[in-house]
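Visitor: Counting the sequence shown from 1 gives a position; my numbering is that position plus 318.
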Amino acid sequence: MKLYFTPHTCSLNPHIALIELGLPFELVKVDLKTKKTADGGDYLKINPKGYVPALELDNGDILTEGPVIVQYLGDLKPQDGFIPKHGTIDRTRMEEWLHYIGTELHGSCGPLFNPAMPAEAKEFFKAKLLKRVAYIEPFLEKQDYLVGNRYTPADGYLFIVLGWMANVFKIDIGQWPALAKLVERVGARPSVKRAQEQEAA
């Protein structure tokens with residue numbers, strides 16, 4: 319398999335999943351400004367949406383959308399327990415969190431990345447983002463992870479978005495102690511460290 323990625327983006331989540339599951343894969347770096355791969359290829363021919371991640375399967379099929387890719391990968395090795403089994407409430411809860419993080423958190427970050435966005439509009443989306451993040455804090459005050467008190471890709475996705483908030487938007491994550499602890503917990507996982515090192519290289 320080939321994972322098309324860009325450092326510091328949500329493509330880190332399927333990268334972590336591939337390592338967690340011990341699946342063989344090749345990394346292909348994408349320049350999101352030029353839409354070119356590291357070898358000069360046209361990324362839009364691979365993913366016409368123009369953003370990462372994209373996962374090319376061994377048969378040539380292309381999967382896009384991070385929350386879908388991480389579930390596909392987990393289902394390749396259900397015996398590993400990386401994601402909850404289909405038909406369980408934990409699986410539905412994980413999907414619920416992936417959807418919430420994608421639409422309410424990641425979606426609110428988009429305008430904040432846009433340098434052309436007026437300051438007033440950015441403040442609107444920032445306030446929305448803070449409110450949506452605060453909603454999660456009580457859940458993590460009761461348990462270490464979002465679902466079933468074990469790591470799932472929902473935690474990885476949240477870790478990435480919280481990283482943007484802290485490092486790009488300069489939002490103090492410490493105002494949510496339980497979320498801050500999740501960042502430390504997820505950041506300490508060997509798979510996360512390895513994925514970050516590979517992308518930095």
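Beta carbons are placed, not taken as given, at the ideal position from N, Cα and C, and that holds for glycine.
Because the structure is a prediction, the values reported are computed rather than measured.
On the DSSP bridge assignment, give the partners of LEU345 in chain order.
Guide: LEU321
Visitor: Expressed to the nearest angstrom, what Euclidean distance is found between the alpha-carbon atoms of GLY481 and VAL501?
Guide: Their Cα atoms are separated by approximately 8 Å.
Visitor: Using only the heavy atoms of the ligand GDP, determine whether one of them is closer than 7 Å to the beta carbon of ARG503.
Guide: With respect to the ligand GDP, the structure shown offers nothing to examine, as it has no ligands at all.
Visitor: By the DSSP assignment, the alpha helix (DSSP H) with ILE337 in it spans what residues?
Guide: 330-339
Visitor: On the three-state DSSP scale, how would you describe LEU375?
Guide: coil
Visitor: How big is the Cα-Cα spacing for THR352 and TYR361?
Guide: For THR352 and TYR361, the distance between alpha carbons rounds to 9 Å.
Visitor: For LYS440 and GLN397, what's the separation of their Cα atoms in angstroms?
Guide: 44 Å
Visitor: Sorted by chain position, which residues of the same chain lie with C-beta nearer than 8 Å to GLY368's C-beta, five sequence neighbours on each side aside?
Guide: Excluding sequence neighbours, GLY368 sits near LEU350, LYS353, TYR361, LEU362.
Visitor: Using the three-state DSSP reduction, which class does ASP398 fall into: helix, strand or coil?
Guide: helix
Visitor: Could you work out which residue in LYS488, TYR469, VAL479 is closest to LEU339 when comparing CA atoms only?
Guide: TYR469
Visitor: Go ahead and pull the three-state DSSP assignment for ARG512.
Guide: helix
Visitor: Go through its chain and collect everything with a Cβ distance to VAL479's Cβ below 7 Å, but skip five positions before and after it.
Guide: ILE419, LEU423, HIS424, CYS427
Visitor: If you reduce the DSSP assignment to three classes, tell me which class LEU381 lands in.
Guide: In this structure, DSSP gives LEU381 an extended state, which the three-state scheme calls strand.
Visitor: Rounded C-beta distance between ALA496 and ILE334? I'm assuming under 8 Å.
Guide: Contact annotation, ALA496 with ILE334: C-beta distance approximately 21 Å; criterion of less than 8 Å not satisfied.
Visitor: By how many angstroms is the C-alpha of LEU476 removed from the C-alpha of PHE323?
Guide: 18 Å
Visitor: Just to check my reading of the structure: MET412 and ALA372 have Cβ atoms closer than 8 Å, yes? What is that Cβ distance to the nearest angstrom?
Guide: Rounded, the Cβ-Cβ distance is 22 Å, inconsistent with contact.
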